[in-house]
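Protein chains in written order, with our numbering: chain U, 83 to 556; chain X, 426 to 754; chain B, 3 to 177.
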Amino acid sequence: MMNVWTLFIPELYCLLMAVVFFGLAMSARPNPRRDYFAALFMAGVGVVVALACVRLEGTLFFEAYRVDLFSQVFKVMLAMGFFLVVCLCTELNGIEERHHPEFYLFLTTCTLAMMMLVSSVELLTIYVALELSSYSLYILVPLRRGHGVDVEAGIKYLMVGACASAVMLFGLSYVFGVTHTTYLVEIIHVLPGVIGTPAAIVGLLLVLCGFFFKLAVFPFHFWAPDVYQGAANQVTAYIATASKVAAVAIIMRVVALSGGSSKYLVDMLVTLSIASMTLGNLVAIVQKDMKRLLAYSSISHAGYVLIGILSMSATGYASAIFYALAYLVMNLCCFLVVVKVSHDGSDLKIAQLAGLHRRAPLLAMALMLAVFGLAGIPPTIGFTGKFLVFAAAMEKGYVALVIIAMINATISLYYYILVVKAAYLMEPDEELPRLPVSIPTKVLTVALVTAMVVFGVAPSYLLEVARAAARMLM
Amino acid sequence: MDWMIGFAILIVKLGVVLVGLLLLAAYLVLLERKFLGRLQIRYGPNRAGKFGLLQPLADTIKMLTKEDIVPEAADRVLFLLAPAVVAAEALLIFAVVPFGASVTLLGKKIPLVITDLNVGLLYVFALASLGVYGVALGGWASNSKYSLLGGIRGAAQMISYELSLGLSLVPIVMLARSFSLLDIVRAQAHYPFILVQPVSFMIFFISAMAETKRIPFDLPEAENELGAGYHTEYSGMRFGLFFLGEYVNLQVFGALVAVFFLGGWRGPFLPPVVWFLIKILVISILMIWVRGTLPRLRYDQLMHLGWKVLVPLALLNIVATGFVLLIIG
Amino acid sequence: MTVYGAVFYILAGVILIATGLAITRRNLVHSIVYLVISFFGSAMLYYLFGAPLLAALEIIIYAGAIMVLFLFIIMMLRVEPSALRKPTLRQWLPAGVLGLIYVAVAILVVTTDPGSQTILETALARPRVFGRFLFQRYWLSVEIVSFLLLIALVGALYLGKAFVKEGGDQKEDQS
Numbered sequence: 083m084m085n086v087w088t089l090f091i092p093e094l095y096c097l098l099m100a101v102v103f104f105g106l107a108m109s110a111r112p113n114p115r116r117d118y119f120a121a122l123f124m125a126g127v128g129v130v131v132a133l134a135c136v137r138l139e140g141t142l143f144f145e146a147y148r149v150d151l152f153s154q155v156f157k158v159m160l161a162m163g164f165f166l167v168v169c170l171c172t173e174l175n176g177i178e179e180r181h182h183p184e185f186y187l188f189l190t191t192c193t194l195a196m197m198m199l200v201s202s203v204e205l206l207t208i209y210v211a212l213e214l215s216s217y218s219l220y221i222l223v224p225l226r227r228g229h230g231v232d233v234e235a236g237i238k239y240l241m242v243g244a245c246a247s248a249v250m251l252f253g254l255s256y257v258f259g260v261t262h263t264t265y266l267v268e269i270i271h272v273l274p275g276v277i278g279t280p281a282a283i284v285g286l287l288l289v290l291c292g293f294f295f296k297l298a299v300f301p302f303h304f305w306a307p308d309v310y311q312g313a314a315n316q317v318t319a320y321i322a323t324a325s326k327v328a329a330v331a332i333i334m335r336v337v338a339l340s341g342g343s344s345k346y347l348v349d350m351l352v353t354l355s356i357a358s359m360t361l362g363n364l365v366a367i368v369q370k371d372m373k374r375l376l377a378y379s380s381i382s383h384a385g386y387v388l389i390g391i392l393s394m395s396a397t398g399y400a401s402a403i404f405y406a407l408a409y410l411v412m413n414l415c416c417f418l419v420v421v422k423v424s425h426d427g428s429d430l431k432i433a434q435l436a437g438l439h440r441r442a443p444l445l446a447m448a449l450m451l452a453v454f455g456l457a458g459i460p461p462t463i464g465f466t467g468k469f470l471v472f473a474a475a476m477e478k479g480y481v482a483l484v485i486i487a488m489i490n491a492t493i494s495l496y497y498y499i500l501v502v503k504a505a506y507l508m509e510p511d512e513e514l515p516r517l518p519v520s521i522p523t524k525v526l527t528v529a530l531v532t533a534m535v536v537f538g539v540a541p542s543y544l545l546e547v548a549r550a551a552a553r554m555l556m
Numbered sequence: 426m427d428w429m430i431g432f433a434i435l436i437v438k439l440g441v442v443l444v445g446l447l448l449l450a451a452y453l454v455l456l457e458r459k460f461l462g463r464l465q466i467r468y469g470p471n472r473a474g475k476f477g478l479l480q481p482l483a484d485t486i487k488m489l490t491k492e493d494i495v496p497e498a499a500d501r502v503l504f505l506l507a508p509a510v511v512a513a514e515a516l517l518i519f520a521v522v523p524f525g526a527s528v529t530l531l532g533k534k535i536p537l538v539i540t541d542l543n544v545g546l547l548y549v550f551a552l553a554s555l556g557v558y559g560v561a562l563g564g565w566a567s568n569s570k571y572s573l574l575g576g577i578r579g580a581a582q583m584i585s586y587e588l589s590l591g592l593s594l595v596p597i598v599m600l601a602r603s604f605s606l607l608d609i610v611r612a613q614a615h616y617p618f619i620l621v622q623p624v625s626f627m628i629f630f631i632s633a634m635a636e637t638k639r640i641p642f643d644l645p646e647a648e649n650e651l652g653a654g655y656h657t658e659y660s661g662m663r664f665g666l667f668f669l670g671e672y673v674n675l676q677v678f679g680a681l682v683a684v685f686f687l688g689g690w691r692g693p694f695l696p697p698v699v700w701f702l703i704k705i706l707v708i709s710i711l712m713i714w715v716r717g718t719l720p721r722l723r724y725d726q727l728m729h730l731g732w733k734v735l736v737p738l739a740l741l742n743i744v745a746t747g748f749v750l751l752i753i754g
Numbered sequence: 003m004t005v006y007g008a009v010f011y012i013l014a015g016v017i018l019i020a021t022g023l024a025i026t027r028r029n030l031v032h033s034i035v036y037l038v039i040s041f042f043g044s045a046m047l048y049y050l051f052g053a054p055l056l057a058a059l060e061i062i063i064y065a066g067a068i069m070v071l072f073l074f075i076i077m078m079l080r081v082e083p084s085a086l087r088k089p090t091l092r093q094w095l096p097a098g099v100l101g102l103i104y105v106a107v108a109i110l111v112v113t114t115d116p117g118s119q120t121i122l123e124t125a126l127a128r129p130r131v132f133g134r135f136l137f138q139r140y141w142l143s144v145e146i147v148s149f150l151l152l153i154a155l156v157g158a159l160y161l162g163k164a165f166v167k168e169g170g171d172q173k174e175d176q177s
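And the structure:
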């Protein structure tokens, strides 16, 4: 019995954090400093805990829950994402002070839910874990100070989310009807045999729709721009990073169920991938708001990740895992700049970046590297990620897809460079003071930048881990 | 052939129960009026027949012959449907209430219950929760301010107290280890559950009073502020159906209290069915007595009592019962 | 066709019609009544399939609690049917097209899937067995759901509280 709970330690730790914040939320007087340091400390320990548990393996709860390298790697990423987002909360001005404990509470529960999501190997558990993470986010989005846009964003998010859930449940019923079980271990034996039947393929696609909503893939992307813009900057950072990583993990799990032999599924994923990339990149060009731009860029990146997944090979999955990690780091770096530049918690226009290289050279540099990474320019981690993904697709012979993706990457370069241009070449209308950048922020920025460059140049260790994790899926 | 006999027995049982319920409902009205009269130092109805015993008959004739008015602005279909929902819901609950152990007639064993569902208790709740629609829709369909207010109050009140009603019975299910009403009575072979679950009994009794919308919980009707609340606009037999529903509900809760807490049909000397009737009557009289004694609650007091007192108490009771059961094994 | 089959098709028809009416009525209260009928039909179907517990819960929770809350809110807000906008062609068209695609897929699934031809055996899930199954095999899901409800509760409390707070401030201003 002892062994069982050891496997569950990262989740238990998250639960403990949630309890602590629940207690803090009860306290009568708001104390943002206390909340922040409590969150920072516990999130930091959380990363350590997740790292310590990375080698655990086993199943628990009547085989509904599997702990393996795949799940643990993603748990580490989630814990890191959570920790880094908490790091951005030094000035949590977007949210009223008395709601800070609730903010951390919902962040924690969302992380907990996503940790359980990546470990679940049973359809019902997957569904309720997904719902738990969604609910936390539904509440986090309208938590922003000042009513108006945020409420609209919250409602939009809830509506699209509820529809996606309904579609997904419907798909689950098909999958259950075809395979007569909710356990992935058993489904993976049955499903490849019947994948040719319409019921199985429709079921699987509808199930995927629920996760596509999380990842903001093409037909379920409507919420992304409004929610990115409407939510507080830190919340957006979280939605854009940690929640995307979890979605990638679970999509891989479900796609792996098909056994890689369904042409329909591949065709469908190819279509969605192309649609996402193209739409995201083209619409991003005209954006004026930094967060909206990042939203459309995230839609296109969802398309790139899908390329790795739809290859349905060990290299494909490994490349998708690597890409998810790369995306986490790059996007967090972007949001770090967004949060720091708009330190009063308001939305950031791209034009407001003007003169950043003089106001805060370090941030400007970080922004440039992150944005180049997103565009896929060497020597950043983004280039390596894109390279791996495309290589995996080429291996399977999807040449046309790769060419389209490359054209897309070129288009995206345009608007990414606009951001860099704003930061480096444009001058503000009036002289703005230097941005105060504290020592911890500097350390954080340097660490993120180093990670981006070092793992971009020497990705072999991470790639090994990703490959080992991906093998767990096959 | 066997199938035919079974069907005939079922029809007979249905008929007996239906007639019995209606008769009892009619005389409960008389009992209430007489008893209330006595409590208020009056005589109550005493002109129709000896001691007013024909009063129910007179009332029925009056209701049936009165004009059935449907307000012009009312939502006709729902307006006509609402009273039927209330009456039907109350009557249908009796389908699972056991009146006694089985009797043997002509060599055939006949259980004294219309049907023994293995989810009988939940069936009762399902129907009780549908009763809200009669009140809410009746109030809404009348298209009158008083009725609407009554309907809204009714919906809020019933949904709040349904919660404590349901929670109060969880310990009973834990003790009996079954949802079947027959099993619950059987489980009380040695002692009635009221002895071990007095808290549960209290919560159930209070919530049941609120569910039947009787004083002190009659806010949906509240004569002196809302006219008659959700049935202000009703007349004739449709009003009669609301009325009937209320008194059948009185018996329903009497019967349920008997089944859940007082050992059902069990009792010394007298035949089981008689004991069961006595228990129903005692509970009904208790409820009438409460009506004659207590003033109406204020709306916030009503919500406070429901959500902040009864629900937590019921939850605590569940935990305590589970704890004790775990210890005794 | 067996008796079961006949009852099934009648119930399915009732559910379909009631749900269809529920989503097309302009009057919200009527919609609710049709939806309740549809839930009732689903509950009957569950009972027919040998799951009385689910049937009872369907009525208690969906028809008896959730829809009553909807009704309560609609009655409180007094939403007039005329206040609702008629959907334009631009809103109708995508819905219609998607609906048609769905119908086509559904027909395809039903006609081509060999699984849809098998005759299901009648089964009976007793409450006790059902409970054991649920709380043992799906223990984790049940726990997550309870946590989910807690989070939803905290969230609802927060959203509701924010609103009350503003009202409270106004009151202070007046006094």
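For each residue, glycine too, the CB sits at the ideal point set by N, CA and C.
From a predicted model like this one, the values you see are computed outputs, not experimental measurements.
- prompt: What's the call for arginine 28/B, buried or exposed, on a 16-neighbour Cβ count within 10 Å?
  reply: Counting from 1 along the third sequence, the entry for residue 28/B is found at position 26. Burial call: exposed.
task: Identify, in the order they occur along the chain, each residue of the same chain with its Cβ nearer than 7 Å to the Cβ of valine 502/U, setting aside the five sequence neighbours on each side.
output: The count along the first sequence starts at 1 and reaches residue 502/U at position 420. So the qualifying residues of the chain are Met450, Val453.
task: Measuring alpha carbon to alpha carbon, tell me which of Pro224/U, Ala475/U, Arg553/U, Met159/U ends up nearest isoleucine 177/U.
output: Walking along the first sequence from the start, residue 177/U turns up at place 95. If we check each option's Cα against that of isoleucine 177/U, Pro224/U comes out closest.
task: Would you check if the distance between the CB atom of leucine 170/U and the CB atom of glutamine 316/U is smaller than 8 Å?
output: In the first sequence, counting from the first residue as 1, residue 170/U sits at position 88. In the first sequence, counting from the first residue as 1, residue 316/U sits at position 234. Cβ atoms of leucine 170/U and glutamine 316/U: closer than 8 Å.
message: Looking at the secondary structure, which residues open and close the beta strand (DSSP E) in which valine 807/X lies?
response: Outside the shown range of chain X, which is 426 to 754, sits residue 807/X, and nothing can be said about it.
- prompt: Do you know how far the Cα of alanine 246/U is from the Cα of leucine 240/U?
  reply: Within the first sequence, residue 240/U is the residue found at index 158, counting from 1. Within the first sequence, residue 246/U is the residue found at index 164, counting from 1. In a straight line, the C-alpha of leucine 240/U is about 10 Å away from that of alanine 246/U.
- prompt: When DSSP labels each residue in this structure, what does proline 541/U get in the three-state scheme?
  reply: Here residue 541/U is taken as the residue at index 459 of the first sequence, counted from 1. Proline 541/U falls in the coil class under three-state DSSP.
task: Compute the Euclidean distance between the alpha carbons of alanine 436/U and alanine 505/U, then round it to the nearest angstrom.
output: Position 354 of the first sequence, counting from 1, holds the residue named residue 436/U. Position 423 of the first sequence, counting from 1, holds the residue named residue 505/U. Using only the alpha carbons, I get a separation of about 5 Å.
- prompt: At a Cβ threshold of 8 Å, is alanine 146/U touching chain B?
  reply: By 1-based counting over the first sequence, the position of residue 146/U is 64. Yes, contact with chain B.
- prompt: Which partner residues does arginine 226/U have in the DSSP bridge list?
  reply: Position 144 of the first sequence, counting from 1, holds the residue named residue 226/U. For arginine 226/U, which the question treats as bridged, DSSP gives the partners Ile177/U.
message: In the DSSP output, what is glutamate 204/U paired with across the bridge?
response: What you label residue 204/U is simply residue 122 of the first sequence in a count that begins at 1. Glutamate 204/U pairs with Tyr265/U.
- request: Might you give, ordered along the chain, the residues of its own chain that have their beta carbon closer than 6 Å to the beta carbon of leucine 222/U, omitting 5 neighbours on each side?
  value: For the purposes of this step, residue 222/U is taken as residue 140 along the first sequence, with counting starting at 1. Cβ neighbours of leucine 222/U beyond the five flanking positions: Phe188, Val317.
field: Where glycine 140/U falls: helix, strand or coil (DSSP)
entry: Locating residue 140/U in the first sequence gives position 58, where the first residue counts as 1. Correct three-state label for glycine 140/U: strand.
- prompt: At a cut-off of 7 Å, is isoleucine 34/B close to the ligand FMN when judged by its beta-carbon and the heavy atoms of the ligand?
  reply: Ligands in the displayed structure: none, and consequently the ligand FMN is not present.
message: I believe leucine 142/B touches alanine 146/U by the beta-carbon criterion, under 8 Å. Please report the beta-carbon distance rounded to the nearest angstrom.
response: Against the third sequence, residue 142/B aligns to sequence position 140. Against the first sequence, residue 146/U aligns to sequence position 64. Rounded, the Cβ-Cβ distance is 5 Å, consistent with contact.
task: Measure the C-alpha to C-alpha separation of glutamate 646/X and tyrosine 655/X and round it to an integer number of angstroms.
output: The residue labelled residue 646/X in the question sits at position 221 within the second sequence. The residue labelled residue 655/X in the question sits at position 230 within the second sequence. The C-alpha of tyrosine 655/X is placed about 6 Å away from the C-alpha of glutamate 646/X.
query: Looking at the C-beta of isoleucine 19/B, does it have a partner C-beta in chain X at a distance below 8 Å?
result: Here residue 19/B refers to the residue found at position 17 when the third sequence is read from its first residue. Cβ-Cβ to chain X under 8 Å: no for isoleucine 19/B.
message: Assuming contact is defined by CB atoms lying nearer than 8 Å, are alanine 324/U and valine 539/U in contact in what I supplied?
response: The count along the first sequence starts at 1 and reaches residue 324/U at position 242. The count along the first sequence starts at 1 and reaches residue 539/U at position 457. Cβ atoms of alanine 324/U and valine 539/U: not closer than 8 Å.
field: is_contact[glutamine 93/B, chain U] using C-beta, thresh 8 Å
entry: Locating residue 93/B in the third sequence gives position 91, counting from the first residue. With 8 Å as the cut-off, glutamine 93/B does not count as an interface residue toward chain U.
- prompt: Taking just the CA atoms, how far does valine 536/U sit from glycine 169/B?
  reply: To locate residue 169/B, count along the third sequence from 1; it is residue 167. To locate residue 536/U, count along the first sequence from 1; it is residue 454. Residue placement at glycine 169/B cannot be trusted, given a pLDDT of 45 that sits under 50; what the coordinates show is reported in the next sentence. When rounded, the distance between both Cα atoms is 54 Å.
query: What do you reckon, are the CB atoms on valine 411/U and isoleucine 463/U nearer than 8 Å?
result: In the first sequence, residue 411/U corresponds to position 329, counting from 1. In the first sequence, residue 463/U corresponds to position 381, counting from 1. Yes, the pair counts as a contact, with Cβ atoms nearer than the cut-off.
- request: Pick helix, strand or coil for isoleucine 459/U, following the three-state DSSP scheme.
  value: Along the first sequence, read from residue 1 onward, the residue named residue 459/U stands at position 377. Looking at isoleucine 459/U - three-state DSSP - the assignment turns out to be coil, as it is neither helix nor strand.
- prompt: Can you find a CB in chain B that lies within less than 8 Å of the CB of valine 557/X?
  reply: Residue numbering aside, residue 557/X sits at position 132 when the second sequence is read from its first letter. Yes - at least one Cβ of chain B is within 8 Å of the one on valine 557/X.
task: Would you mind sorting glycine 278/U into buried or exposed? The rule is 16 or more other CB atoms within 10 Å of its CB.
output: The sequence position of residue 278/U within the first sequence is 196, counting from 1. Exposed: under 16 other Cβ atoms inside 10 Å.
- request: Please compile the residues from chain X whose C-beta is within a distance smaller than 7 Å of the C-beta of isoleucine 99/B.
  value: Within the third sequence, residue 99/B is the residue found at index 97, counting from 1. Just to set this straight, residue 99/B is valine in the shown sequence, not isoleucine. What valine 99/B touches in chain X: nothing, since even the nearest Cβ is about 34 Å away.
message: Check whether chain B comes within 8 Å of methionine 198/U, counting only Cβ atoms and requiring the distance to be less than that.
response: Your numbering for residue 198/U matches position 116 in the first sequence. By this cut-off, methionine 198/U is an interface position.
task: For arginine 137/U, count neighbouring C-beta atoms within 10 Å of its own C-beta (all shown protein chains included) and say buried if the count is 16 or more, exposed if not.
output: Locating residue 137/U in the first sequence gives position 55, where the first residue counts as 1. Exposed: under 16 other Cβ atoms inside 10 Å.
Nearest-angstrom Cβ-Cβ length linking serine 709/X and leucine 453/X, presumed shorter than 8 Å: In the second sequence, the residue the question calls residue 709/X occupies position 284. In the second sequence, the residue the question calls residue 453/X occupies position 28. Contact between serine 709/X and leucine 453/X holds, with the beta-carbon distance rounding to 6 Å and staying under 8 Å.
message: Quick check on the DSSP output: the alpha helix (DSSP H) that includes proline 696/X runs from which residue to which?
response: Numbered from its first residue, the second sequence carries residue 696/X at position 271. Where proline 696/X is concerned, there is no enclosing alpha helix (DSSP H), because DSSP gives it neither an H nor an E.
task: Determine the burial state of glutamate 514/X: buried for a count of at least 16 other Cβ atoms within 10 Å of its Cβ, exposed for fewer.
output: Position 89 of the second sequence, counted from the first residue, corresponds to residue 514/X. The residue in question, glutamate 514/X, is buried, as its Cβ has 16 or more Cβ neighbours within 10 Å.
message: Taking a contact to mean a Cβ-Cβ separation below 8 Å, would you say glycine 563/X touches alanine 507/X in this structure?
response: Locating residue 563/X in the second sequence gives position 138, counting from the first residue. Locating residue 507/X in the second sequence gives position 82, counting from the first residue. Yes, the pair counts as a contact, with Cβ atoms nearer than the cut-off.
Below-8 Å beta-carbon distance, phenylalanine 143/U vs any chain B residue: For this step, residue 143/U is matched to residue 61 along the first sequence. For phenylalanine 143/U, the answer is yes, since a Cβ of chain B falls inside 8 Å of its Cβ.
- prompt: Which residues in the same chain have their Cβ closer than 7 Å to the Cβ of methionine 334/U, if we skip the five residues on either side of it in sequence?
  reply: As a working mapping, residue 334/U is identified with position 252 in the first sequence. The answer, listed in chain order, is Ile391, Tyr399, Ala402, Leu555.
message: What residue range does the beta strand (DSSP E) around arginine 148/U cover?
response: The residue given as residue 148/U occupies position 66 in the first sequence. It spans 147-149 - the beta strand (DSSP E) in which arginine 148/U sits, taken as one unbroken run.
Partners in chain B for tyrosine 217/U, counting only beta-carbon separations shorter than 8 Å: As a first step, residue 217/U is located in the first sequence; it is residue number 135 there, counting from the start. Within 8 Å Cβ-Cβ: Leu150, Ile153, Ala154, Gly157.
- prompt: Beta-carbon of valine 249/U versus every beta-carbon of chain B: anything under 8 Å?
  reply: By 1-based counting over the first sequence, the position of residue 249/U is 167. For valine 249/U, the answer is no, since every Cβ of chain B falls outside 8 Å of its Cβ.
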